[in-house]
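A short worksheet on the structure shown next.
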Amino acid sequence: MFLRKNKTEWRNDINPKNAPLGFFRQEFWRSSLVHWILIGTIFLDVASLAVLVFYIRPIDLPIVLHYNVYLGVDVIGDWWQVYFLPIIANLFLLVNTILAHFFYQKKERLAAYIFLLASFFVEAGVLIAIIALMMINY
18 MFLRKNKTEW RNDINPKNAP LGFFRQEFWR SSLVHWILIG TIFLDVASLA
68 VLVFYIRPID LPIVLHYNVY LGVDVIGDWW QVYFLPIIAN LFLLVNTILA
118 HFFYQKKERL AAYIFLLASF FVEAGVLIAI IALMMINY
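Residue 18 is where the sequence shown starts when you use the numbering used here, and the numbers rise one by one after that.
This is the structure:
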């Protein structure tokens with residue numbers, strides 16, 4: 018009634034070659050290029066958050082959130098609204114890392130690297146924007 022396997026067939030089923038890899042043991046996470054791009058991106062993110070935490074204090078006065086060379090100050094707001102820049106950059110990093118992992122699994126390595134590099138450049142732009150906002154406000 019039930020199909021029975023002999024002992025050698027059971028041993029072949031538990032063979033590590035047949036076992037699925039854990040999420041962080043996959044080839045994408047073992048790539049040194051992926052490591053270095055993600056380390057650089059996370060470093061830029063931590064630097065932007067450190068600048069914000071160091072300079073931005075809860076105050077009742079509005080602060081400048083956007084400055085335009087032609088028009089001057091465009092947008093002013095509360096102190097906590099400046100934290101939207103790193104939040105959006107982190108969401109961008111998360112989405113791009115998921116897409117890079119997907120394309121890496123499909124053997125589209127170049128597309129995966131482009132997604133990761135785009136995240137790096139977005140984080141660099143956010144850090145520059147935050148430093149400019151701190152120079153304008155303080």
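All residues carry an ideal CB built from backbone N, CA and C; glycine is no exception.
Could you check whether the segment 105-122 touches the segment 86-94, counting it as contact only if at least three pairs of C-beta atoms, one from each stretch, sit closer than 8 Å? no
Report yes if the CB atom of Leu82 is closer than 8 Å to the CB atom of Val99, and no otherwise. yes
Which two residues bound the contiguous alpha helix (DSSP H) that contains Gly57? Ser49 to Tyr72
Quick one: give me the first and last residue of the alpha helix (DSSP H) that Ile153 is part of. Arg126 to Asn154
State the beta-bridge partners of His118 as determined by DSSP. DSSP output for His118 lists no bridge partner at all.
Where does the unbroken beta strand (DSSP E) through Asp91 begin, and where does it stop? Gly89 to Gly94
Between the alpha carbons of Arg42 and Ser48, how many angstroms are there, rounded? Taking the straight line joining both Cα atoms gives about 10 Å.
Outcome for Asn113 when other beta-carbon atoms lying within 10 angstroms are tallied against a minimum of 16: buried
Does Leu78 come out as helix, strand or coil in the three-state DSSP assignment? coil
Less than 8 Å between C-beta atoms, sequence neighbours within five positions excluded: which residues of the same chain meet that for Ile148? Val68
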